[in-house]
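Student: In numbering that gives the first Met the number 0, the protein residues as written are 0 to 849.
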Amino acid sequence: MRTLVRQTVERLDQYFEALKQKRSLEVSVYQLMGGAVDEGWARWPDKPWVLVGTQDQLLSRALNRGYAMSRFEWPVHFGLLNNDCRWVIDEVQLMGPGLWATAQLDWMRQKRFPCVKPCRTTWMSATVGPGFLATTDRTRDGFGVMSAIALPIDSDPHPEMKLRRAAKRTVEWFTNGNDVASEVKQKHQRGTLSLVVCNTVDTARKVFSALPDSQPKVLLTSRFRRQDRDEHERRLLEFEAKRRAEERKRDSEGRLEDRGKPIPDDDGLVCVSTQVVEAGVDISAYQLWSELAPWPSVIQRLGRLNRDGRNNEAKAWFWETPERDGGKKAQERIGPYDAEDVERAKKLLDALILLSDKPFAEAIKDLEQQHAGDAEKALQPKLAPMPRALDVHGLFSTERDVHGGFTDVSAYVRGTGPDADLTVFWRDWRGTAPPRGDDLDGPPLDVQNEGCAVPFFHLRDALKARRAVARTWNDEDDAWEHVAPRDLCPGMVIMLHRDVGGYDARLGWTGEKDDVLGDVPRVGRGRALRDDERTEAGYWASLDTHLADARSEAGRLCAALGLDDEDQMFPRIRTAIIEGAALHDLGKAHPQWQQALPAVSALPGGPWAKCPRVLAVDVRAGDAESVRAEVSKRLDGALALPDETRRPGREERVRLRWAVAEKLKRQTIEGLKGIGGVRWAGHVPFRPRMRHEAASALAMWRRYREGGAPYPALAVYLAAAHHGKVRTVLRATTDRGDDVFGVHRDSDALDLSAGRWPLDFSVAKDGAEGEWRENGFVLTGHGWTGLVADLLGPWRADDETEVGVLPQREPRRLGPFVLAYLEALVRVADWRASERPSASIKPEEVSRGR
Numbered sequence: 000m001r002t003l004v005r006q007t008v009e010r011l012d013q014y015f016e017a018l019k020q021k022r023s024l025e026v027s028v029y030q031l032m033g034g035a036v037d038e039g040w041a042r043w044p045d046k047p048w049v050l051v052g053t054q055d056q057l058l059s060r061a062l063n064r065g066y067a068m069s070r071f072e073w074p075v076h077f078g079l080l081n082n083d084c085r086w087v088i089d090e091v092q093l094m095g096p097g098l099w100a101t102a103q104l105d106w107m108r109q110k111r112f113p114c115v116k117p118c119r120t121t122w123m124s125a126t127v128g129p130g131f132l133a134t135t136d137r138t139r140d141g142f143g144v145m146s147a148i149a150l151p152i153d154s155d156p157h158p159e160m161k162l163r164r165a166a167k168r169t170v171e172w173f174t175n176g177n178d179v180a181s182e183v184k185q186k187h188q189r190g191t192l193s194l195v196v197c198n199t200v201d202t203a204r205k206v207f208s209a210l211p212d213s214q215p216k217v218l219l220t221s222r223f224r225r226q227d228r229d230e231h232e233r234r235l236l237e238f239e240a241k242r243r244a245e246e247r248k249r250d251s252e253g254r255l256e257d258r259g260k261p262i263p264d265d266d267g268l269v270c271v272s273t274q275v276v277e278a279g280v281d282i283s284a285y286q287l288w289s290e291l292a293p294w295p296s297v298i299q300r301l302g303r304l305n306r307d308g309r310n311n312e313a314k315a316w317f318w319e320t321p322e323r324d325g326g327k328k329a330q331e332r333i334g335p336y337d338a339e340d341v342e343r344a345k346k347l348l349d350a351l352i353l354l355s356d357k358p359f360a361e362a363i364k365d366l367e368q369q370h371a372g373d374a375e376k377a378l379q380p381k382l383a384p385m386p387r388a389l390d391v392h393g394l395f396s397t398e399r400d401v402h403g404g405f406t407d408v409s410a411y412v413r414g415t416g417p418d419a420d421l422t423v424f425w426r427d428w429r430g431t432a433p434p435r436g437d438d439l440d441g442p443p444l445d446v447q448n449e450g451c452a453v454p455f456f457h458l459r460d461a462l463k464a465r466r467a468v469a470r471t472w473n474d475e476d477d478a479w480e481h482v483a484p485r486d487l488c489p490g491m492v493i494m495l496h497r498d499v500g501g502y503d504a505r506l507g508w509t510g511e512k513d514d515v516l517g518d519v520p521r522v523g524r525g526r527a528l529r530d531d532e533r534t535e536a537g538y539w540a541s542l543d544t545h546l547a548d549a550r551s552e553a554g555r556l557c558a559a560l561g562l563d564d565e566d567q568m569f570p571r572i573r574t575a576i577i578e579g580a581a582l583h584d585l586g587k588a589h590p591q592w593q594q595a596l597p598a599v600s601a602l603p604g605g606p607w608a609k610c611p612r613v614l615a616v617d618v619r620a621g622d623a624e625s626v627r628a629e630v631s632k633r634l635d636g637a638l639a640l641p642d643e644t645r646r647p648g649r650e651e652r653v654r655l656r657w658a659v660a661e662k663l664k665r666q667t668i669e670g671l672k673g674i675g676g677v678r679w680a681g682h683v684p685f686r687p688r689m690r691h692e693a694a695s696a697l698a699m700w701r702r703y704r705e706g707g708a709p710y711p712a713l714a715v716y717l718a719a720a721h722h723g724k725v726r727t728v729l730r731a732t733t734d735r736g737d738d739v740f741g742v743h744r745d746s747d748a749l750d751l752s753a754g755r756w757p758l759d760f761s762v763a764k765d766g767a768e769g770e771w772r773e774n775g776f777v778l779t780g781h782g783w784t785g786l787v788a789d790l791l792g793p794w795r796a797d798d799e800t801e802v803g804v805l806p807q808r809e810p811r812r813l814g815p816f817v818l819a820y821l822e823a824l825v826r827v828a829d830w831r832a833s834e835r836p837s838a839s840i841k842p843e844e845v846s847r848g849r
């Protein structure tokens with residue numbers, strides 16, 4: 000699927016560039032797959048874009064459990080992918096449980112949890128019927144039968160289409176599956192592509208390794224880091240481009256008799272692959288060897304042979320996986336597949352071999368008529384767990400559960416079979432356990448380039464076999480914590496020490512201890528609850544300025560999206576978005592937060608909402624002045640900040656600090672570490688030890704509760720949720736428990752130029768406030784969970800229960816998709832306001848006295 004994603008992205012880029020030249024319409028294309036995650040699309044909900052991704056990455060995000068990303072960003076993707084989208088589902092025969100999940104999500108978006116902007120789904124398949132759409136939920140609500148769009152391929156007059164319809168593919172059995180490499184070596188023809196498709200990564204690696212190194216060859220599996228996988232794919236696609244260029248040359252010269260022949264003076268290429276090549280990869284092999292697989296996979300693999308119809312001598316050989324020795328119990332699995340599916344495919348392949356002297360399309364049509372029962376069963380998707388409304392409603396919360404983990408959605412995404420992936424990367428550190436907190440000075444994880452997809456069962460077994468340790472990031476403890484092999488599950492991002500091994504650049508993930516990466520960086524930090532990274536914008540901006548900018552950006556977003564307060568289903572959402580954005584950072588006026596900012600005492604005005612990044616250099620006390628001078632020479636425009644004293648162990652050190660506009664590159668920081676007397680250098684994260692958005696919510700709630708606030712209660716929630724860290728609960732984060740996300744309960748009010756905003760902690764209580772009277776218990780106040788419950792609404796359509804926090808005239812019962820979408824819009828308004836402030840002060844302006 001990854002190769003298909005890249006090919007699709009490349010072609011869409013070409014198409015949209017041509018469209019831009021002709022019609023001035025700009026459409027961006029982004030890719031989303033394990034090891035290559037481009038998040039830029041989330042910043043543009045008001046622009047047209049195309050997002051091409053694998054089912055793991057897209058479905059996990061549509062279920063609010065995005066793989067290989069911070070949980071604080073989950074709601075943004077959850078909201079945007081379930082509103083104002085057109086989902087196009089291709090290669091459905093490979094999706095397993097994910098196919099049923101797409102059907103259920105489509106039903107929920109249209110019926111159970113309606114979207115604020117339409118979100119529809121198109122399924123594309125040449126093999127799978129529409130039976131998966133007839134789920135109980137869809138059938139009950141009239142969505143069980145969908146209209147099909149018939150494409151007139153058979154009557155397409157284009158010459159290339161005629162060639163493809165007439166393409167022949169002779170099929171035979173190959174009886175010695177243990178000698179595939181020798182057979183390929185003997186029959187491969189120079190100047191052509193020979194394709195070998197295996198059912199497992201292990202088999203593909205063995206075949207690849209058995210081929211001589213003198214033969215140009217490439218291995219394609221999903222178990223590579225991006226830079227290695229890119230190199231392998233590049234070689235395959237370059238050969239395909241060369242082959243097509245030769246075919247175009249023959250056409251232009253009128254040499255039709257040479258169509259499909261080998262490229263002259265070329266060694267050709269042997270590609271050994273797993274199922275990744277099935278998913279519509281646009282290559283045309285001269286010969287094919289394939290392990291027997293379920294029928295839909297057989298059809299897809301044959302589709303890579305003579306794809307362009309120019310080589311009617313094309314031939315395919317299939318071999319069976321040897322059955323396990325001993326035992327009378329019927330074999331349930333053959334490789335990664337159900338034995339029943341493979342046996343049915345064997346019967347159909349026997350029939351196809353007898354028909355394969357005909358054009359392939361004609362042979363398949365005849366086979367489906369002669370063996371209609373088996374063909375229909377072979378193409379029917381298997382029943383699998385699917386998300387219901389209760390499940391998706393529950394997935395709205397991104398808080399950890401009582402065991403410190405999160406709901407595992409892998410059963411809905413790809414299933415819990417042995418091939419379900421997690422992402423692995425490697426780091427280096429001294430000692431048994433990695434450092435914690437501020438001592439984590441390595442570079443942040445670059446999942447796009449460093450991550451390697453690994454079946455979680457394979458990693459579990461490898462860790463058990465050599466008693467190695469896997470670690471995952473705990474964003475509340477600011478540390479890499481040990482995760483037991485039994486607790487591994489799909490979607491996790493796992494760090495291994497480099498000495499654990501398991502990876503080879505030529506073969507990908509091997510799990511072997513001796514396969515150790517060479518250049519591995521030191522361990523660094525992940526994103527943490529106490530971080531306030533978006534505050535570090537590289538400049539100072541006043542709170543008044545930033546809030547006004549966010550209001551303006553929110554207004555522009557609403558206008559571009561056509562959102563207004565008159566929507567009958569979702570009233571006053573425009574006001575909620577704009578006012579939520581206009582007050583989202585209100586809590587930054589808290590004295591504790593302001594005092595944590597660097598160097599604001601030297602600036603006029605305030606309170607402040609943004610600040611530069613801080614570079615710190617730890618030195619021995621006696622070297623402070625010489626190091627200060629050397630560093631200052633290397634940092635043009637940096638503003639010197641007051642020193643700090645540090646005592647790590649017995650040595651007294653001084654921490655020199657500078658405010659800088661841009662985050663320094665790794666090479667620059669390594670250069671600073673090489674200065675004589677320097678003990679450590681790096682960026683120090685801004686940590687005010689409180690979540691300012693919690694303070695914003697407490698202040699906004701007070702004004703709302705007193706009456707007369709120009710915003711609905713929804714705006715209070717949207718302001719609280721604008722970093723994805725304060726959402727469905729208001730809780731204490733200190734050991735004493737006398738705070739709300741670090742905001743102490745003795746806090747009085749926030750002072751802004753527009754006046755004072757007292758804080759109201761009553762909403763942070765569990766349950767509700769009230770008193771007993773003659774007629775029973777009378778509510779006088781509601782907890783935060785009650786507010787969220789009213790905004791979210793129940794999961795059942797016939798449930799009219801309400802907590803009673805919100806009046807009828809306000810936005811309520813929005814459902815998980817809409818509420819997350821509105822969260823995303825406020826966050827986007829904040830991001831844009833931060834990227835283009837209307838007024839700011841940069842460090843160099845202060846350091847140079849401007």
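Think of the CB as a built atom: it goes at the ideal place given N, C-alpha and C, for glycine as much as any other residue.
Are the segment 367–382 and the segment 168–187 in contact at 8 Å, needing three or more beta carbon pairs?
Tutor: Short answer: they don't touch.
Student: Which runs of the alpha helix (DSSP H) spanning at least 4 residues fall entirely within the segment 558–646, listed in chain order?
Tutor: As far as the segment 558–646 is concerned, its whole alpha helix (DSSP H) runs of at least 4 residues are 572–581, 590–594 and 623–633.
Student: For isoleucine 148, does the count of other Cβ atoms within 10 angstroms reach 16, so buried, or fall short, so exposed?
Tutor: To locate residue 148, count along the sequence shown from 1; it is residue 149. Exposed is the call here.
Student: Using 8 Å as the cut-off, can you tell me whether the segment 102–121 makes contact with the segment 134–148, which would need three or more C-beta pairs spanning the two stretches below that distance?
Tutor: The segment 102–121, when compared against the segment 134–148, does touch it at the 8 Å Cβ threshold.
Student: Taking only runs of the beta strand (DSSP E) that begin and end inside the segment 129–205, which ones reach a length of at least 3 residues, in chain order?
Tutor: If we require 3 residues or more, the beta strand (DSSP E) runs fully inside the segment 129–205 come out as 169–172 and 192–196.
Student: If you measure between the beta carbons of proline 793 and threonine 784, is that distance less than 8 Å?
Tutor: Against the sequence shown, residue 793 aligns to sequence position 794. Against the sequence shown, residue 784 aligns to sequence position 785. Going by C-beta atoms, proline 793 is not nearer than 8 Å to threonine 784.
Student: Threshold first: 3 residues or longer. Then list the beta strand (DSSP E) segments lying entirely within the segment 407–485, N to C.
Tutor: Those beta strand (DSSP E) runs which fall completely within the segment 407–485 and span 3+ residues are 420–426, 451–454, 469–473 and 478–482.
Student: Using the C-alpha atoms, what's the distance from glycine 130 back to arginine 258?
Tutor: Mapped onto the sequence shown, residue 258 falls at position 259. Mapped onto the sequence shown, residue 130 falls at position 131. Straight-line Cα distance between these residues: approximately 41 Å.
Student: In angstroms, rounded to a whole number, what distance separates the CA positions of tyrosine 703 and valine 519?
Tutor: Counted from its first residue, the sequence shown places residue 703 at position 704. Counted from its first residue, the sequence shown places residue 519 at position 520. If you take the alpha carbons of tyrosine 703 and valine 519, they lie about 53 Å apart.
Student: Taking contact to mean 3 or more Cβ pairs, one atom from each stretch, closer than 8 Å, check whether the segment 248–263 and the segment 184–197 are in contact.
Tutor: Yes, since at least three Cβ pairs between the segment 248–263 and the segment 184–197 fall closer than 8 Å, the two stretches touch.
Student: Is it buried or exposed for valine 4, if we count other Cβ within 10 angstroms and need 16 for buried?
Tutor: If you number the sequence shown from 1, residue 4 lands on position 5. The residue is buried, with at least 16 neighbouring Cβ atoms inside 10 Å.
Student: Please identify the residue among Pro810, Ser272 and Ala595 whose C-alpha is closest to the C-alpha of isoleucine 576.
Tutor: As a position in the sequence shown, residue 576 is number 577, starting the count at 1. The shortest Cα separation from isoleucine 576 among Pro810, Ser272 and Ala595 belongs to Pro810.
Student: Just to confirm, are alanine 719 and valine 804 a CB contact at a threshold of 8 Å?
Tutor: Taking the sequence shown and counting its residues from 1, the one referred to as residue 719 is at position 720. Taking the sequence shown and counting its residues from 1, the one referred to as residue 804 is at position 805. In this structure, valine 804 does not lie closer than 8 Å to alanine 719 by Cβ.
Student: Hey, quick one: how far does the beta strand (DSSP E) through lysine 886 stretch, first residue to last?
Tutor: Since the first residue shown for the chain is 0 and the last is 849, residue 886 is missing from the structure and cannot be characterised.
Student: On the three-state DSSP scale, how would you describe valine 492?
Tutor: Here residue 492 refers to the residue found at position 493 when the sequence shown is read from its first residue. Here valine 492 sits in strand by DSSP.
Student: Measuring CB to CB, does alanine 432 end up less than 8 Å from aspartate 474?
Tutor: Residue mapping note: residue 432 aligns to position 433 of the sequence shown, counting from 1. Residue mapping note: residue 474 aligns to position 475 of the sequence shown, counting from 1. Cβ distance not < 8 Å, so alanine 432 and aspartate 474 don't count as in contact.
Student: On the criterion of 16 or more Cβ atoms from any shown chain inside 10 Å, does leucine 255 qualify as buried, or is it exposed?
Tutor: Residue numbering aside, residue 255 sits at position 256 when the sequence shown is read from its first letter. Per the 10 Å Cβ criterion, exposed.
Student: What's the gap between the Cα of aspartate 498 and the Cα of glutamate 480?
Tutor: Counting from 1 along the sequence shown, the entry for residue 498 is found at position 499. Counting from 1 along the sequence shown, the entry for residue 480 is found at position 481. Going by the C-alpha atoms only, they are around 18 Å apart.
Student: Work out the CA separation of lysine 664 and proline 489 for me, nearest whole Å.
Tutor: Here the question's residue 489 lines up with position 490 in the sequence shown. Here the question's residue 664 lines up with position 665 in the sequence shown. Straight-line Cα distance between these residues: approximately 33 Å.
Student: With distances taken from CA atoms, which of Val170, Lys167, Val269 and Asp153 is nearest alanine 870?
Tutor: The chain is shown only over 0 to 849; residue 870 falls outside these bounds and no answer can be derived.
Student: Judging by CA-CA distance, which residue of Arg826, Leu291 and Cys118 is the nearest neighbour of leucine 582?
Tutor: Taking the sequence shown and counting its residues from 1, one reaches residue 582 at position 583. That would be Arg826, whose Cα lies nearest to the Cα of leucine 582.
Student: From the DSSP output, in three-state form, read off aspartate 789 for me.
Tutor: One-based indexing of the sequence shown puts residue 789 at position 790. Here aspartate 789 sits in helix by DSSP.
Student: Would you give the residue range spanned by the beta strand (DSSP E) that valine 677 belongs to?
Tutor: Numbered from 1 along the sequence shown, position 678 holds the residue referred to as residue 677. Here the beta strand (DSSP E) through valine 677 covers 677–683.
Student: Please classify alanine 601 as buried or exposed, where buried requires at least 16 other C-beta atoms within 10 Å of its C-beta.
Tutor: Working through the sequence shown from its first residue, we reach residue 601 at position 602. Counting Cβ neighbours within 10 Å, alanine 601 comes out exposed, since fewer than 16 surround it.
Student: Could you check how far apart the C-beta atoms of alanine 203 and threonine 273 are, in whole angstroms? I think they sit under 8 Å.
Tutor: In the sequence shown, counting from the first residue as 1, residue 203 sits at position 204. In the sequence shown, counting from the first residue as 1, residue 273 sits at position 274. With a Cβ gap of about 5 Å, alanine 203 and threonine 273 count as contacting.
Student: Going by alpha carbons, who is nearest to glutamine 369 out of Asp349, Val613 and Gln6?
Tutor: Within the sequence shown, numbered from 1, the residue matching residue 369 stands at position 370. Measuring from the Cα of glutamine 369, the nearest candidate turns out to be Asp349.
Student: Measuring CB to CB, does glutamate 232 end up less than 8 Å from threonine 509?
Tutor: As a first step, residue 232 is located in the sequence shown; it is residue number 233 there, counting from the start. As a first step, residue 509 is located in the sequence shown; it is residue number 510 there, counting from the start. Taking 8 Å as the Cβ cut-off, glutamate 232 and threonine 509 do not qualify as a contacting pair.
Student: Can you look up tyrosine 710 in the DSSP assignment and give me helix, strand or coil?
Tutor: Residue numbering aside, residue 710 sits at position 711 when the sequence shown is read from its first letter. Tyrosine 710: coil per DSSP, three-state reduction.
Student: Using the three-state DSSP reduction, which class does arginine 702 fall into: helix, strand or coil?
Tutor: Residue mapping note: residue 702 aligns to position 703 of the sequence shown, counting from 1. Note: arginine 702 maps to helix in three-state DSSP.
Student: So, with DSSP's three-state summary, where would you put serine 221?
Tutor: Here residue 221 is taken as the residue at index 222 of the sequence shown, counted from 1. Three-state DSSP puts serine 221 in coil, outside helix and strand.
Student: So, are the CB atoms of leucine 458 and valine 423 less than 8 Å apart?
Tutor: Sequence index remark: in the sequence shown, residue 458 carries index 459 (1-based). Sequence index remark: in the sequence shown, residue 423 carries index 424 (1-based). The answer is yes: Cβ separation under 8 Å.
Student: Can you have a look at histidine 589 and say buried or exposed, based on whether 16 or more other CB atoms are within 10 angstroms of its CB?
Tutor: Here residue 589 refers to the residue found at position 590 when the sequence shown is read from its first residue. Buried, because 16 or more other Cβ atoms sit within 10 Å of the Cβ of histidine 589.
Student: Taking Cβ positions, are leucine 818 and leucine 790 nearer each other than 8 Å?
Tutor: In the sequence shown, the residue the question calls residue 818 occupies position 819. In the sequence shown, the residue the question calls residue 790 occupies position 791. Taking 8 Å as the Cβ cut-off, leucine 818 and leucine 790 qualify as a contacting pair.
Student: Run through DSSP, which three-state label would glutamine 214 get?
Tutor: For the purposes of this step, residue 214 is identified with residue 215 of the sequence shown, where counting begins at 1. DSSP places glutamine 214 in coil when its eight states are reduced to three.
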